[in-house]
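*Asks:* Before I ask anything, here is the structure I am working with.
Protein chains in written order, with the numbering used here: chain A, 1 to 657; chain B, 1001 to 1634.
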């Protein structure tokens, strides 16, 4: 498949105005159509496809160079040279030794992109994908935009991360559409898989250690390696903003390290611009669904190994539905930074000397990261099953043990479909098929999870992870609904305060851009007024007649999380102090005890999903952030509760009981 | 005056060297007579020895006699398309004069999508009724008359002194639009005249704006529209004598109104030169150089203006400022000369300057080097600077400018020459594998005694070879420098056909040269697109000066404005964005054009608030009533 792109005389640069896709006035956003790329694979030879002529469009400023030359450039760079001298002085060893060390780090890290390996993957993945998936749908217009972006500027690909499949899939797509293959930042754990690790390396992966906090040399080699590949336009650089796979299907709060590195060449004037391309990969059924649930429940994650991969081959016999990959609008770092960052702050220090990024830069990178994650969320395709998961989980929590009639389920799903569409969800609901059929076919694909009423934790957490896919659609209205629910009056200011508190509380849990409370509040109000749930005048917020159903639904969206945080609070109150390591097992034990007795204080503990370690960790992080809990040399414990300001946090949480 | 520079015998070289000097001396065919009788007798007595040459002064009081009122330079010299549609340069003053330039039309058409059918002619004559009647300060005028210093409130005289050569200034004139102009023009003839004028101005609260050569490109000469006082333009052009030459110390004492070409010509007559050759040297004045911190093409040998001046005399509202001796260096607190240099007419009028002079160079030689790409070229210049072996001038043009230079090749007379050209091109692009769309060229000028020049030349070419450079002949080099003088005329041709543009400069550390060149050029292209320019712009640059710690870069930017309702505004927005880009990437606000009013908004960020306060307090002390009210700089 080839994409024709007109290279206009004026290069079609990124359209600045179209970023901030989540701008709430913009909800009727037009999205591109999808094409199924597997269709052609099913109708023509995989071998011929794997051996096809591959001539991607490259960056216009590219000076072609070999993998070995790339390494030389890194080792000879002023940046690294500076750090090598520094380290050799500090450690009292010769700079040759340190250079040797740097070369070894680079050797361990560097990719060795090889077309033959890519062709091998193209062949085998074609076979695998055709077995596993019904379709892999791509927005081809997005690929055209990407091609243009690759031609004009260095490109950074930022896919969402839900599965190990993600980066293989990305390279597979780019190869198929004759686009430049990326180099991919991968975690070191893959290197453990001997053969596969090397193969991944040859398909463009470079490996970074999970933590290298104080290691100056490692950091220098790593950041210089990434920057050189990016600046020279060697290949698009791909990494996961979320840092790791999200086990819950909620987007994770972004990690800033790599984003900081890739923005640096622009901020320091070494390139005119850099395009950041958010990519949203939505799986109808994740390969790892049960694995994740077990992990969240504390069953340890199996170490990546080649043999483990072969054991996993039984999944080949299952049906994983379809994948949707949406290549978002490229975001220009230049336009992000405009009137935000004063670039002349880099004028007075030679640029090869490593400096700590200023507060201004850090907050800029952080905001950009959130915006990019939201851009990913915006274009995640939601399947009907996601909505069904909402309904089923709420029913389960309400202890309707006898199951749900199909037509009732359908009615509720259709209601939710309409609501989510009004809120701007990117829903793939086949409108030409009767809703009941849509529902039953979704149920059959996920038949393993349908027997949810039995209340098995693994099933519930798997189910929750599907529901979570749509949380970003409802999160702001849900925060507002809960705020209305808890506020003492219907005065707007009071509701806003309550909203602001909840939003702050949950900012480790959901993607809520820092400092955007007012916008989020307005967005939520706008949506609820638009859909006839609320009427808002100067002072007051009023619930309309037909708004109650929506509000009830929205409140219940947040309920499991609220209860989870309460449980964690409750637990911490009863503790004298424990280490961070003990926290998760202890809180889990505590929850299981209360789940079995069925009560916590005077209230029923309804949500099995509070067992999720992800939620527990987020709750703890939030309490620490808010100053309710303090870390003392590795111990966790409440600070004195009578310190008022901080007490309020906990107090407010108890209001919900 | 065409030269065949391929000859290698020494007499030929000598001839070429002489020719170079005549670029300076020979731009002009004849001096303008008819200034006699305006000289105030008392000043004449000062320097009768050297004043012999004053009969051949270039700039008359009535500039309109020889110069365009709404374009660059001499009235008789301009580019035009003749009846056959070929570009031609008129007049007799320049090497290019009277020649056909066959490549120019195609270059203009392909670079700008310009079309000879689409003309935008300028208003042919100055309509005096469009000029506001002067606001005269009668008391001032009355006392001025009694001094016998010539003055005028003729509309043409006033309009001529109301502008520099910024695009918006010339564009407005071409459209016959005239804003605030000075109310009166005075022509002091010597230092004492200036003292009298400044005293009267202070006494009667009149605003004075010094005027030298009028080549400003920073809106420095624009009359502040908010100025309500009578504005008097103080034209120094008649203070143009060399008062003495001191051969023992190699200095010359010169009146500040002298223009560059006269200064060099007159000194040459005595066997000396200053070596200060800014691109505007035909018209710009010594006083103007001092007031803006000018830089000359050959600063590598002779230095910039701050290196050249030994002594300055300036008349301020507080009195005359000058040092008591001519010692070559002093440790007497901050150098007061540095308050004067770059003061841009806000503190007073520079009247006399003592400058270093040098014996005229025995030998001059041009040269050029072709590099496979701009990056290699910059690396070579950096190495040359590192080894401190820069020739008198070394400039590196980017690919677009190289092509532009090529388009300006005059018609070659012999088939042999064009055959040779073809062969050279073949050698470079095919045999050496240079990409014609990436290669760039450096032009060189060596000066000194013959032996040393040849040695120096070898050293520089050896360095160039390390960076993939190929020597590309003297002719290319010489043409590069010739273009310096005619490029300003070219803008007028562009403006006849919907093309507007300008150049601006900056300086930066070596490690940022490539980044700034790339980013600023790209920014210009992007801004043009964003602002609705219908055709891709010309966005090009060259490195024009090298220093130990950095370089000076010139950007040229022009576009076809068909389809735009307010092209000048668009132009200004783009230039503004380009300057922001320069500053964001670590370039300076200006290398030698100055700040004027055009770049004032960035002064505080450039020199810090404390720095601004320092300059302000000097202004407040020297000129508390803002007599020198051009409002430049601060």
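Even for Gly, the Cβ is constructed at its ideal location relative to N, Cα and C.
What you are looking at is a predicted structure, and each value in this text was computed from that prediction instead of being measured.
Hey, out of B:1157, B:1141, B:1096, B:1088, whose CA is closest to residue 1060 of chain B's CA?
*Replies:* When each option's Cα is compared against that of residue 1060 of chain B, the closest is B:1157.
*Asks:* Starting from the N-terminal side, write out each stretch of the alpha helix (DSSP H) that is 4 residues or longer and does not extend beyond the region 1080-1147 of chain B.
*Replies:* Runs of the alpha helix (DSSP H) inside the region 1080-1147 of chain B: 1102-1112, 1138-1147.
*Asks:* Determine the burial state of residue 1307 of chain B: buried for a count of at least 16 other Cβ atoms within 10 Å of its Cβ, exposed for fewer.
*Replies:* So residue 1307 of chain B counts as exposed.
*Asks:* Report back the beta-carbon spacing between residue 1217 of chain B and residue 1166 of chain B to the nearest angstrom; my notes put them in contact at under 8 Å.
*Replies:* With a Cβ gap of about 5 Å, residue 1217 of chain B and residue 1166 of chain B count as contacting.
*Asks:* Around the Cβ of residue 1552 of chain B, are there at least 16 other Cβ atoms within 10 angstroms (buried) or fewer (exposed)?
*Replies:* It is buried - the Cβ of residue 1552 of chain B has at least 16 other Cβ atoms within 10 Å.
*Asks:* What span of residues does the beta strand (DSSP E) with residue 1235 of chain B cover, start to end?
*Replies:* Element bounds for residue 1235 of chain B: 1231-1235.
*Asks:* Could you give the distance in angstroms between the alpha-carbon of residue 1575 of chain B and the alpha-carbon of residue 1346 of chain B?
*Replies:* If you take the alpha carbons of residue 1575 of chain B and residue 1346 of chain B, they lie about 25 Å apart.
*Asks:* Any beta-carbon of chain B closer than 7 Å to the one on residue 270 of chain A?
*Replies:* Closer than 7 Å: yes.
*Asks:* Return the CA-CA distance between residue 610 of chain A and residue 398 of chain A, expressed in angstroms with no decimal places.
*Replies:* So the alpha carbons of these two residues sit roughly 15 Å apart.
*Asks:* Can you tell me whether residue 1540 of chain B is buried or exposed? The criterion is at least 16 other CB atoms within 10 Å of its CB, across all chains shown.
*Replies:* Its Cβ being crowded by 16 or more others within 10 Å, residue 1540 of chain B is buried.
*Asks:* Name the chain B residues that come within less than 9 Å of residue 344 of chain A, Cβ to Cβ?
*Replies:* Ordered by position in chain B, the residues that pass the 9 Å Cβ test against residue 344 of chain A are 1583, 1584, 1585, 1586, 1605.
*Asks:* Are the region 372-389 of chain A and the region 462-478 of chain A touching by the rule of at least three beta carbon pairs closer than 8 Å?
*Replies:* The answer is yes - the region 462-478 of chain A touches the region 372-389 of chain A, with three or more Cβ pairs under 8 Å.
*Asks:* Please state whether the Cβ-Cβ distance between residue 1586 of chain B and residue 1508 of chain B is less than 7 Å.
*Replies:* In contact: residue 1586 of chain B and residue 1508 of chain B (Cβ atoms closer than 7 Å).
*Asks:* So if I threshold CB-CB distances at 9 Å, which residues from the region 347-373 of chain A count as touching chain B?
*Replies:* Listed by position, the residues of the region 347-373 of chain A near chain B (Cβ gap below 9 Å) are 347, 348, 350, 351, 352.
*Asks:* What does a CB cutoff of less than 7 Å around residue 1104 of chain B pick up in its chain, not counting 5 residues either side in sequence?
*Replies:* Cβ neighbours of residue 1104 of chain B beyond the five flanking positions: 1087, 1407, 1408.
*Asks:* Quick one: which chain A residues come within Cβ less than 8 Å of residue 1115 of chain B?
*Replies:* Those within 8 Å of residue 1115 of chain B in chain A number zero; the least Cβ separation is about 17 Å.
*Asks:* Quick one: which residues of the region 1519-1547 of chain B get their C-beta closer than 7 Å to a C-beta of chain A? List them in chain order.
*Replies:* Cβ contacts with chain A: 1519, 1522, 1526, 1529, 1536.
*Asks:* Where does residue 1503 of chain B fall in DSSP's three states?
*Replies:* Strand at residue 1503 of chain B.
*Asks:* Opposite residue 1447 of chain B in the DSSP bridges: which residues?
*Replies:* B:1364.
*Asks:* Under 9 Å between beta-carbons, which chain A residues line up against residue 1511 of chain B? List them in chain order, please.
*Replies:* Result: 78, 350, 351, 352.
*Asks:* How many angstroms separate the CA atom of residue 1372 of chain B from the CA atom of residue 1584 of chain B?
*Replies:* Their Cα atoms are separated by approximately 29 Å.
*Asks:* Measure the Cβ-Cβ separation of residue 387 of chain A and residue 413 of chain A and say whether it is below 7 Å.
*Replies:* Yes, the pair counts as a contact, with Cβ atoms nearer than the cut-off.
*Asks:* For residue 1515 of chain B, decide whether its Cβ has a neighbour in chain A, counting only Cβ atoms nearer than 7 Å.
*Replies:* Cβ-Cβ to chain A under 7 Å: yes for residue 1515 of chain B.
*Asks:* From which residue to which residue does the alpha helix (DSSP H) around residue 257 of chain A run?
*Replies:* Its alpha helix (DSSP H) spans residues 257-267.
*Asks:* So is residue 1119 of chain B buried or exposed if we call it buried at 16+ other beta carbons inside 10 Å?
*Replies:* Exposed is the call here.
*Asks:* Per the DSSP calculation, residue 273 of chain A is bridged to which residue(s)?
*Replies:* For residue 273 of chain A, which the question treats as bridged, DSSP gives no partner whatsoever.
*Asks:* Check the C-beta distance from residue 1238 of chain B over to residue 1189 of chain B and give it rounded, since I have them as a contact under 8 Å.
*Replies:* 5 Å between Cβ atoms; contact.
*Asks:* Flag residue 1274 of chain B as yes if its beta-carbon sits less than 7 Å from any beta-carbon of chain A, otherwise no.
*Replies:* Not one chain A Cβ lies under 7 Å of residue 1274 of chain B.
*Asks:* Counting contacts by CB-CB distance shorter than 7 Å, is residue 476 of chain A in contact with chain C?
*Replies:* In the structure shown, chain C does not exist; the protein chains are A and B.
*Asks:* Where in the region 1298-1326 of chain B do unbroken runs of the beta strand (DSSP E), each at least 3 residues long, occur, reported from the N-terminal end onward?
*Replies:* Runs of the beta strand (DSSP E) inside the region 1298-1326 of chain B: 1309-1316, 1319-1321.
*Asks:* Consult DSSP for residue 227 of chain A and reduce its assignment to one of helix, strand or coil.
*Replies:* Helix.
*Asks:* Going along the chain, which unbroken runs of the beta strand (DSSP E) with 3 or more residues stay wholly within the region 1246-1298 of chain B?
*Replies:* Listed in chain order, they are 1251-1255.
*Asks:* Name the two residues that bound the continuous alpha helix (DSSP H) containing residue 661 of chain A.
*Replies:* Missing from the structure shown is residue 661 of chain A; chain A here goes from 1 to 657 and no further.
*Asks:* Which ranges would you report for the alpha helix (DSSP H) in the region 1417-1497 of chain B if only whole runs of at least 4 residues count?
*Replies:* DSSP runs (the alpha helix (DSSP H)) wholly in the region 1417-1497 of chain B: 1450-1466, 1474-1496.
*Asks:* How should residue 1397 of chain B be labelled, buried or exposed, when 16 other C-beta atoms within 10 angstroms of its C-beta is the threshold for buried?
*Replies:* Label assigned to residue 1397 of chain B: buried.
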